[in-house]
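**Q** Every number in this note's numbering is 1 more than the matching position in the sequence shown, counting from 1.
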Amino acid sequence: MVLEGLIGEEKLDAFNMPFYTPTTKEIEEVIEAEGSFTLQNLQVFKNDWDSYIKQANSGLDKKTRAAIFATDIRAVAEPILVSQFGEEAMNDLFHRFEDVLDHMKRENCQFINLVISLTKKCFRTCRLGCASKRVTDSKSSIGRAGGVTASSLGSSGLSAPLSFGTAILVETEYALRSVALTDSLVAET
2 MVLEGLIGEE
12 KLDAFNMPFY
22 TPTTKEIEEV
32 IEAEGSFTLQ
42 NLQVFKNDWD
52 SYIKQANSGL
62 DKKTRAAIFA
72 TDIRAVAEPI
82 LVSQFGEEAM
92 NDLFHRFEDV
102 LDHMKRENCQ
112 FINLVISLTK
122 KCFRTCRLGC
132 ASKRVTDSKS
142 SIGRAGGVTA
152 SSLGSSGLSA
162 PLSFGTAILV
172 ETEYALRSVA
182 LTDSLVAET
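1) Just to confirm, are LEU119 and ILE32 a CB contact at a threshold of 8 Å?
2) Are VAL45 and THR25 closer than 8 Å when you measure CB to CB?
3) Could you pull out every residue in the same chain whose Cβ sits closer than 7 Å to the Cβ of ASN42, ignoring the five residues on either side in sequence?
4) Any idea what DSSP makes of PHE95, helix, strand or coil?
5) With DSSP as the reference, identify every bridge partner of LYS1, one or two as the case may be.
6) Would you mind working out which of ALA68, THR22 and THR39 sits nearest VAL101, comparing C-alpha positions?
7) DSSP three-state call for ILE8: helix, strand or coil?
8) Let's test the definition: count the other Cβ atoms within 10 Å of the Cβ of ARG97 and tell me whether it reaches 16, buried, or not, exposed.
9) Compute the distance between the beta-carbons of GLU191 and LEU40, then report whether it is under 8 Å.
10) In angstroms with no decimal places, state the Cα-to-Cα distance between ALA15 and GLY87.
11) Please report the residue range of the alpha helix (DSSP H) in which SER59 lies.
12) Tell me, to the nearest whole angstrom, how far the beta carbon of PHE38 is from that of ILE54; I am working on the premise that it is less than 8 Å.
13) Quick one: residues in its chain with C-beta nearer than 7 Å to the C-beta of PHE95, no 5 flanking neighbours on either side, listed in chain order?
14) With a CB to CB cut of under 6 Å and the five nearest residues on each side skipped, what residues in its chain are close to CYS110?
15) So the candidates are GLN85, ILE113 and MET18; which of them puts its Cα closest to the Cα of GLU11?
16) Determine the burial state of ILE81: buried for a count of at least 16 other Cβ atoms within 10 Å of its Cβ, exposed for fewer.
17) Which of helix, strand or coil does DSSP assign to PHE46?
18) Straight-line CA distance for GLY9 to ASN48?
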């Protein structure tokens, strides 16, 4: 479009939209270095660029799928592009994008999606001391399944298992205690 004089070369040179796609190893390193979370699972999924369109309308030809995809991309990218290149260039730009998508179909281009499962590490402290210390009340115990339940801590009528890494309040006959279940609690058992 610059070569055809539709967009000024200086506008193209001034346009900067930073985009970085990290590797799974880089993501794991950042999570570890940050320290607030434990990585439970990281899955990589590859999808054809038009898979969601094919699932909804399997009978559409590739040119129509390209037009639908270009419209979807336009909804996200147009506000950014208009501010740099102007409204008048947008229709031509996205019609040309449909041709790029036709090439993507021939090359079997795919999008990569990452699904990440994290568990927040608990670093809370309370009035009664470090939250990672084990409760010393004689009514508290570790449940048979390896977890702590509200009933095993002396709470009235509750027996639901408590999530590790969460701070809870447990009322016993003796006092109101703040209990946090962390990896160190599990290691002590």
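For every residue, glycine included, the Cβ atom is placed at its ideal position computed from N, Cα and C.
**A** Put simply:
1) By one-based count along the sequence shown, residue 119 stands at place 118. By one-based count along the sequence shown, residue 32 stands at place 31. ILE32 sits close to LEU119, with the two beta carbons spaced by under 8 Å.
2) Reading the sequence shown from its first residue, position 44 is the one you call residue 45. Reading the sequence shown from its first residue, position 24 is the one you call residue 25. Taking 8 Å as the Cβ cut-off, VAL45 and THR25 qualify as a contacting pair.
3) Here the question's residue 42 lines up with position 41 in the sequence shown. SER118, listed in sequence order.
4) For the purposes of this step, residue 95 is taken as the residue at position 94 of the sequence shown. Shown here, PHE95 sits in a helix according to DSSP, grouped into three states.
5) Absent from the model: residue 1. The displayed extent of the chain is 2 to 190, so no value can be given.
6) Translated into the one-based positions of the sequence shown, residue 101 becomes position 100. Comparing Cα positions, the closest option is ALA68.
7) Your numbering for residue 8 matches position 7 in the sequence shown. Residue state for ILE8 is assigned as coil, using DSSP reduced to three classes.
8) Here residue 97 corresponds to residue number 96 of the sequence shown, with the count starting at 1. ARG97 comes out exposed.
9) The structure shown has nothing for residue 191, since the chain only spans 2 to 190.
10) For the purposes of this step, residue 15 is taken as residue 14 along the sequence shown, with counting starting at 1. For the purposes of this step, residue 87 is taken as residue 86 along the sequence shown, with counting starting at 1. C-alpha separation (whole angstroms): 14 Å.
11) The residue given as residue 59 occupies position 58 in the sequence shown. The continuous stretches of alpha helix (DSSP H) do not include SER59, and DSSP gives it neither H nor E.
12) Walking along the sequence shown from the start, residue 38 turns up at place 37. Walking along the sequence shown from the start, residue 54 turns up at place 53. ILE54 and PHE38 do not touch by the CB rule: their CB atoms are close to 35 Å apart, not below 8 Å.
13) For the purposes of this step, residue 95 is taken as residue 94 along the sequence shown, with counting starting at 1. Hits under 7 Å: ALA71 and ARG75.
14) Counted from its first residue, the sequence shown places residue 110 at position 109. Same-chain partners within the cutoff: TRP50.
15) Translated into positions along the sequence shown, residue 11 becomes position 10. The shortest CA-to-CA distance from GLU11 to any of GLN85, ILE113 and MET18 is the one to GLN85.
16) Position 80 of the sequence shown holds residue 81. Burial check for ILE81: the Cβ neighbour count within 10 Å stays below 16, so the residue is exposed.
17) Mapped onto the sequence shown, residue 46 falls at position 45. PHE46 falls in the strand class under three-state DSSP.
18) Taking the sequence shown and counting its residues from 1, one reaches residue 9 at position 8. Taking the sequence shown and counting its residues from 1, one reaches residue 48 at position 47. Rounded to the nearest whole angstrom, the C-alpha separation of GLY9 and ASN48 is 35 Å.
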